[in-house]
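K.L.:
Residue numbers (our numbering): 84 to 172. Note that CB positions come from ideal geometry on N, CA and C, so glycine has one too. None of the values given here were measured: they were computed from a predicted structure.
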(Lines of atoms letter the chains of each structure in order from A and count residues from 1; the text may use other names and numbers.)
(Lines give C-alpha, C1' and ligand atoms only; values in the text may rest on other atoms or scores of the structure.)
Protein backbone atom coordinates (compact mmCIF):
# COMPACT_ATOMS: atom_id res chain seq x y z
CA UNK A 1 0.00 0.00 0.00
CA UNK A 2 2.80 2.38 0.94
CA UNK A 3 4.52 1.78 -2.39
CA UNK A 4 1.41 2.81 -4.32
CA UNK A 5 0.44 5.81 -2.17
CA UNK A 6 1.49 9.25 -3.35
CA UNK A 7 3.64 11.30 -0.97
CA UNK A 8 1.15 14.15 -0.54
CA UNK A 9 -1.76 11.83 0.35
CA UNK A 10 -3.21 12.77 3.79
CA UNK A 11 -2.86 9.20 5.07
CA UNK A 12 0.67 8.60 3.80
CA UNK A 13 2.30 9.29 7.18
CA UNK A 14 -0.07 6.86 8.95
CA UNK A 15 0.53 4.17 6.37
CA UNK A 16 4.27 4.68 6.80
CA UNK A 17 3.95 4.38 10.60
CA UNK A 18 1.85 1.23 10.25
CA UNK A 19 4.43 -0.24 7.90
CA UNK A 20 7.24 0.49 10.38
CA UNK A 21 5.27 -1.07 13.27
CA UNK A 22 4.57 -4.18 11.19
CA UNK A 23 8.25 -4.43 10.20
CA UNK A 24 9.39 -4.19 13.84
CA UNK A 25 6.81 -6.77 14.94
CA UNK A 26 7.95 -9.12 12.18
CA UNK A 27 11.58 -8.66 13.27
CA UNK A 28 10.75 -9.50 16.91
CA UNK A 29 8.73 -12.56 15.90
CA UNK A 30 11.54 -13.85 13.66
CA UNK A 31 14.06 -13.38 16.48
CA UNK A 32 11.85 -15.30 18.92
CA UNK A 33 11.36 -18.11 16.40
CA UNK A 34 15.14 -18.39 15.93
CA UNK A 35 15.66 -18.50 19.70
CA UNK A 36 13.01 -21.21 20.07
CA UNK A 37 14.54 -23.29 17.27
CA UNK A 38 17.94 -22.95 18.93
CA UNK A 39 16.50 -24.09 22.27
CA UNK A 40 14.82 -27.09 20.63
CA UNK A 41 18.07 -28.13 18.93
CA UNK A 42 20.04 -27.79 22.17
CA UNK A 43 17.41 -29.85 24.02
CA UNK A 44 17.59 -32.50 21.30
CA UNK A 45 21.39 -32.60 21.64
CA UNK A 46 21.10 -32.94 25.41
CA UNK A 47 18.91 -36.01 24.96
CA UNK A 48 20.88 -37.66 22.15
CA UNK A 49 24.56 -36.98 22.85
CA UNK A 50 26.05 -39.56 25.17
CA UNK A 51 28.82 -38.26 27.38
CA UNK A 52 30.92 -41.18 28.53
CA UNK A 53 32.42 -40.60 31.96
CA UNK A 54 34.14 -43.96 32.26
CA UNK A 55 37.90 -43.56 32.78
CA UNK A 56 38.48 -46.79 30.83
CA UNK A 57 36.54 -45.61 27.81
CA UNK A 58 37.98 -46.22 24.38
CA UNK A 59 37.42 -42.66 23.18
CA UNK A 60 39.63 -41.27 25.98
CA UNK A 61 37.21 -38.48 26.85
CA UNK A 62 36.45 -38.17 30.54
CA UNK A 63 34.00 -35.57 31.82
CA UNK A 64 33.97 -34.80 35.51
CA UNK A 65 30.83 -32.67 35.32
CA UNK A 66 27.50 -32.78 33.55
CA UNK A 67 27.37 -30.56 30.48
CA UNK A 68 24.04 -28.75 30.16
CA UNK A 69 23.71 -27.63 26.54
CA UNK A 70 20.63 -25.45 26.94
CA UNK A 71 21.84 -23.17 29.73
CA UNK A 72 23.10 -19.67 30.41
CA UNK A 73 26.79 -18.97 29.83
CA UNK A 74 29.09 -17.34 32.36
CA UNK A 75 28.50 -14.11 30.46
CA UNK A 76 24.75 -14.37 31.23
CA UNK A 77 23.80 -15.08 27.63
CA UNK A 78 21.81 -18.00 26.25
CA UNK A 79 23.95 -20.65 24.55
CA UNK A 80 23.60 -20.81 20.79
CA UNK A 81 24.17 -23.63 18.38
CA UNK A 82 26.50 -22.20 15.75
CA UNK A 83 26.20 -24.93 13.14
CA UNK A 84 23.89 -27.87 12.65
CA UNK A 85 23.40 -30.42 9.93
CA UNK A 86 24.40 -33.89 8.83
CA UNK A 87 27.87 -35.19 9.50
CA UNK A 88 29.36 -36.97 6.48
CA UNK A 89 32.36 -39.22 6.49
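1. Out of 121, 170 and 107, which one is the CA nearest neighbour of residue 163?
2. Taking the CB atoms as reference points, tell me whether residue 90 and residue 98 lie closer together than 8 Å.
3. Just the Cα atoms here: how many angstroms apart are residue 105 and residue 116?
4. Can you round the beta-carbon distance between residue 153 and residue 129 to whole angstroms, since I take them to be within the 8 Å contact cut?
5. Tell me, please, which residues DSSP counts as bridged to residue 155.
P.N.:
Taking the structure as given:
1. On the chain shown, residue 163 is found 80 positions in, with the first residue counted as 1. Residue 163 has its Cα closest to that of 121, out of 121, 170 and 107.
2. For this step, residue 90 is matched to residue 7 along the chain shown. For this step, residue 98 is matched to residue 15 along the chain shown. Going by C-beta atoms, residue 90 is not nearer than 8 Å to residue 98.
3. What you label residue 105 is simply residue 22 of the chain shown in a count that begins at 1. What you label residue 116 is simply residue 33 of the chain shown in a count that begins at 1. About 16 Å.
4. Sequence index remark: in the chain shown, residue 153 carries index 70 (1-based). Sequence index remark: in the chain shown, residue 129 carries index 46 (1-based). That belief holds up - the Cβ atoms of residue 153 and residue 129 are roughly 6 Å apart, short of 8 Å.
5. Taking the chain shown and counting its residues from 1, the one referred to as residue 155 is at position 72. According to DSSP, residue 155 bridges with 161.
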